[in-house]
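To convert, count from 1 in the sequence shown and add 102; that's the numbering used here.
Even glycine gets a Cβ: it sits at the ideal position worked out from N, Cα and C.
To start, the structure under review is shown below, and the notes come after it.
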Amino acid sequence: MAASASMVKQSSKSGRKRKSRGKLTRSWDLFILIIPALVLLIVFSYGPMYGVLMAFQDFVPTKGIWGSTWVGLKHFERFVTAYNFKMILGNTLTISIYSLIAGFPFPIILALLVNKLRSTRYQSVVKTVSYAPYFISTVVLVGMLRIFMAPDTGFINHIIEAFGGESFDFFASAPAFKHIYVWSDVWKNAGWNSIIYLAALSNISPELYESAKVDGATQWKTLWHIDLPGILPTVITLLILNTGNLMAVGFEKAYLMQTTLNTSASEIISTYVYKRGIPGGEFSFSTAVNTFNSVINCILLVAVNWISRKTSETSLW
């Protein structure tokens, strides 16, 4: 009996191998198409990862990575014990969580509302208007914000003064920085991010809507019982991905909006890495700080994916 069982297992394994080989031979042209993407991924994403070794060294450019002195966790300890560690980490977490809470629901709401528009003309207008800000570069966006919020000439301050208020220098205010950063980001990206939810809504079977209409369901009930459950897997997947990038606050926008008067709120890990790494020339220290940031993102991604897998049927792996 044992011998026959082992023979059955071996035959099943050989059968699976033959099937996999058959798939490879039948789809060899598709696998060839993947090769350029794999090469780019390896060269530009995985290849440079050996540079992480600098975080554990006192890196000297003339000696190279393999010739520099190894110092272990020295630079990580230096960052964690730095006087401004709490401020930098706090700013990064505050902006990240604020952006997630404020920015994540807006594309979902926009997609649900656009999907309810019966006129295709109105849908096209709303889509065009909401998508357009995404194509404004970050440099131009910050320039627009500085012009609109200028203390003397900005139209926002003119409106404030028209209602009896006093002119306010928004970019010189640390408390105002986070609000400007987050809500300008919501305005810029909400329309574009709604595309994936509109695509998910388009995959919902029309028969469900017809059945709901026959049963006398209102628009609200249709939205609650058909639209939201239909896009829920997409919502959970994107929430996991966004949480995995929680600490990856955009460097360019924060750096362009930064002034000497709002540094206490605008100094985040990415701007700190740039200042210490490029102008400061502290390559090992800046690499250690950025590695610290990446490790936290990785832990968050794994933790949120595990929670999602335990509480729902949707997860990345």
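| Item | Value |
| --- | --- |
| Burial state of residue 259 (16 or more Cβ within 10 Å) | buried |
| Run of the alpha helix (DSSP H) containing residue 360, from where it starts to where it stops | Segment: none, residue 360 is in no alpha helix (DSSP H) and carries neither H nor E. |
| Residue 159, buried or exposed, once every other Cβ within 10 Å from all chains shown has been counted against 16 | buried |
| Rounded straight-line distance, which links the Cα of residue 333 to that of residue 234 | 24 Å |
| Cβ-Cβ distance between residue 216 and residue 300 below 9 Å | yes |
| Reduced DSSP secondary structure (H/G/I, E/B, other) of residue 294 | helix |
| Anticipated Cβ contact below 8 Å, residue 257 with residue 250, distance rounded | 6 Å |
| Beta-carbon spacing of residue 290, residue 197 below 9 Å | no |
| Contact check, residue 355 vs residue 271, beta carbons under 9 Å | no |
| Stretch pair the segment 148 to 162 + the segment 173 to 184: three plus CB contacts closer than 8 Å | yes |
| Residue 298 versus residue 182 - alpha carbon distance | 39 Å |
| Stretch-stretch touch, CB-based, cutoff 8 Å, three pairs: the segment 344 to 358 with the segment 197 to 206 | yes |
| Among 218, 212 and 248, nearest to residue 231 - alpha-carbon criterion | 212 |
| Under the three-state DSSP convention, the category residue 345 falls into | helix |
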